[in-house]
Amino acid sequence: MHPDLAIERNFPLVSLNTFGIDARAQYYVRVESLADLRAALADPALAALPRLLLGGGSNIVLTGDYAGLVLHMATRGIAATAGDAGTTYVRAAAGESWHGLVEWTLARGLGGLENLALIPGTVGAAPIQNIGAYGVEMRDYFHSLRVFDCASGATFEMDAGACRFGYRDSIFKHADGQGLVIVDVTFALPAQWRANLRYAELAQALAEQGGAAPTPRQVADTVIAIRRRKLPDPAVVGNAGSFFKNPVVSRAQCQALLQTYPTLVHHAQPDGSEKLAAGWLIDQCGWKGKSLGPAGVYPKQALVLVNNGGASGADISRLAQAIQQDVQARYGVLLAPEPVFV
Numbered sequence: 001m002h003p004d005l006a007i008e009r010n011f012p013l014v015s016l017n018t019f020g021i022d023a024r025a026q027y028y029v030r031v032e033s034l035a036d037l038r039a040a041l042a043d044p045a046l047a048a049l050p051r052l053l054l055g056g057g058s059n060i061v062l063t064g065d066y067a068g069l070v071l072h073m074a075t076r077g078i079a080a081t082a083g084d085a086g087t088t089y090v091r092a093a094a095g096e097s098w099h100g101l102v103e104w105t106l107a108r109g110l111g112g113l114e115n116l117a118l119i120p121g122t123v124g125a126a127p128i129q130n131i132g133a134y135g136v137e138m139r140d141y142f143h144s145l146r147v148f149d150c151a152s153g154a155t156f157e158m159d160a161g162a163c164r165f166g167y168r169d170s171i172f173k174h175a176d177g178q179g180l181v182i183v184d185v186t187f188a189l190p191a192q193w194r195a196n197l198r199y200a201e202l203a204q205a206l207a208e209q210g211g212a213a214p215t216p217r218q219v220a221d222t223v224i225a226i227r228r229r230k231l232p233d234p235a236v237v238g239n240a241g242s243f244f245k246n247p248v249v250s251r252a253q254c255q256a257l258l259q260t261y262p263t264l265v266h267h268a269q270p271d272g273s274e275k276l277a278a279g280w281l282i283d284q285c286g287w288k289g290k291s292l293g294p295a296g297v298y299p300k301q302a303l304v305l306v307n308n309g310g311a312s313g314a315d316i317s318r319l320a321q322a323i324q325q326d327v328q329a330r331y332g333v334l335l336a337p338e339p340v341f342v
């Protein structure tokens, strides 16, 4: 083992995953610098092990103890530089809190990320999932990111095209991106900011507040209030936020469903497809507020699965599968989980 690397054995992960699942890592390294990462992967004993990159643990379901090496990305640092035409480039280390980054930009009068306030997790995890909320996706303000290639040991920049962003998707969720570790991410924030109020609930909440055009701070505060009202705090109730992706179906399939279910919640997409509301589908199947053992569906939002106390990864998986089966049986639509099962 590398003499300068702090390597922990049988390390508890219960506080490092937002579901609060009690699992342990065979080996654990807290990565606070690129040098730490290089050292861990240069160590022959560690490099040969299965490897799990862990940020805020907000998008994983631990199905048991991890027989391998957990690399906990805990790098820090945020900096801003001026770009062309008044654009501000903000680069943040992968281990920074995502919401902390949003607050950092707001404190400096920079708009763009406010609709994504209070999303749990780290900066490095945001591109992997292409996080999104209230009418905005991370890729809307993404500029580039820097990765470490575990195979070659090289670091290099990737732009949006190379990252292949999609709906809750990116290259990092596919085979050709598995060996790439995100080191830091740069965002391009506009000089001429305009509030994105495409999401009806957000627009209505801001309209009810009255006053002039909202500021980025006001938009963020409203988003935070909505999220706190609808979603459980992972520090109180274990959860991973929205558990299922909103399924995308063809227009023909959507029209056929509307014949039987005229109140079906759907949103037309630019390519002619239709995005259905997964939470509505789950709610209509009667799962909101119900439990299956120690795992349950949050009473205020059917899209959120929760750990009611002592739930294992198997408990969460059992509940998710039961919901998937019910939705598919009634609507002919298969829901895909957002979190990764490990």
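Letter by letter, the sequence shown follows residues 1 to 342 of UniProt numbering.
Note that beta-carbon positions come from the ideal geometry of N, C-alpha and C, so glycine has one too.
For residue i, the first and last residue of its enclosing beta strand (DSSP E)
i, result
"Thr186", "180-189"
"His266", "266-268"
"Leu13", "No beta strand (DSSP E) holds Leu13; DSSP gives it neither H nor E."
"Gln78", "Correcting the residue identity first, residue 78 is Ile in this sequence and not Gln. Its beta strand (DSSP E) spans residues 78-82."
"Leu305", "304-307"
"Ala67", "66-73"
"Leu276", "274-276"
"Ala45", "Counting along the chain, Ala45 falls outside any beta strand (DSSP E), though it belongs to the alpha helix (DSSP H) covering 44-47."
"Gln26", "24-31"
"Ala203", "No beta strand (DSSP E) contains Ala203, which is instead part of the alpha helix (DSSP H) from 200-209."
"Ser242", "238-242"
"Leu54", "51-54"
"Ala92", "88-93"
Euclidean distance between Cα positions of residue i and residue j
i, j, result
"Phe244", "Val181", "25 angstroms"
"Glu8", "Val29", "6 angstroms"
"Trp280", "Val265", "7 angstroms"
"residue 343", "Gly309", "The structure shown does not extend to residue 343, since the chain is modelled only from 1 to 342, so the question has no answer here."
"Ala342", "Gly132", "Here residue 342 turns out to be Val, not Ala, going by the sequence shown. Each residue's alpha carbon lies about 23 angstroms from the other."
"Leu305", "Asp84", "44 angstroms"
"Lys275", "Ser33", "40 angstroms"
"Phe19", "Gly238", "4 angstroms"
"Leu37", "Gly153", "10 angstroms"
"Asn246", "Asn307", "22 angstroms"
"Ser97", "Pro120", "8 angstroms"
"Ala213", "Glu201", "16 angstroms"
"Thr260", "His267", "17 angstroms"
"Ala295", "Ser170", "29 angstroms"
Element boundaries [alpha helix (DSSP H), containing residue i]
i, result
"Lys290", "From DSSP, Lys290 is part of no alpha helix (DSSP H); its letter is neither H nor E."
"His327", "The residue asked about is misnamed: residue 327 is Val in this sequence, not His. Counting along the chain, the alpha helix (DSSP H) containing Val327 begins and ends at 313-331."
"Lys230", "216-230"
"Leu106", "98-107"
"Gly161", "160-163"
"Arg251", "251-260"
Same chain, Cβ closer than 7 angstroms to residue i, five either side skipped, listed in chain order
i, result
"Gly64", "Ala23, Gly313"
"Gly179", "Asp149, Cys150, Ala151"
Spatial neighbours of residue i in its chain, beta-carbon cut-off 6 angstroms, leaving aside the 5 residues before and after
i, result
"Trp193", "Gly111"
"Leu118", "His99, Ile224, Arg227"
Beta-carbon proximity of residue i to residue j, cut-off 8 angstroms
i, j, result
"Gly57", "Leu16", "yes"
"Gly55", "Ala125", "yes"
"Thr122", "Met73", "yes"
"Ile21", "Leu62", "yes"
"Thr215", "Val90", "no"
"Ala160", "Phe142", "yes"
Chain-order list of residues whose beta-carbon lies under 8 angstroms from that of residue i (same chain, five-residue window excluded)
i, result
"Phe156", "Arg146, Val147, Asp149"
Exercise for the section: Report the residue ranges of all alpha helix (DSSP H) runs contained in full by the stretch 116-157; include only those spanning at least 4 residues, in chain order. Expected result: 125-129
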